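Numbering (the UniProt record's numbering), first residue to last: 1 to 150.
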């Protein structure tokens, strides 16, 4: 039943239903109660007794999950990052004031290009991209907020 009904309602797509039923067959069995069971490397069912124990366990989970955690190839992250970058740059373009008249002003696209170049110049020479990765959502909101303020 858990495989058929998810996310607060009935699953209507046949392929989604097959996928969820497959997960249910693999994960929901007697072996999930054993100490060696992991949903994915490092993702075990917590053995907690109090709410505070659960909160502590949740705080140890990674901020960003790898695509392999969901059964995807690691290259799926490239598509995800590309889509995020496209969305961020589109947002920057969309929040730029539209040209109201003819002449000599900077285009929205050139403003975005200048902002992107400025961001690249502000990066430290030897930053660790894996540390930065967990901050990406915060960065996007900070960037948009600072753009609104200025």
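Each residue gets a CB set at the ideal place from its N, CA and C atoms; glycine is no exception. Please read all numbers here as calculations on a predicted model, not as lab measurements.
- Look at residue 10 here: in three-state DSSP terms it is strand.
- Secondary structure note for residue 108: its alpha helix (DSSP H) is the uninterrupted segment 108-122.
- Counting every other CB atom within 10 Å of its CB across the protein chains shown gives residue 112 a total of 16 or more, marking it as buried.
- Where residue 31 is concerned, there is no enclosing alpha helix (DSSP H), because DSSP gives it neither an H nor an E.
- When beta bridges are read from the DSSP output, residue 43 appears opposite 40.
- Judged by DSSP in its simplified three-state form, residue 90 adopts helix.
- Taking a contact as a CB-CB distance under 8 Å, the pair residue 37 and residue 44 counts as one, their CB atoms being some 7 Å apart.
- With the rule of 3 Cβ pairs closer than 8 Å, the stretch 83-100 counts as touching the stretch 109-123.
- When only Cα atoms are considered, residue 48 and residue 54 end up about 6 Å apart.
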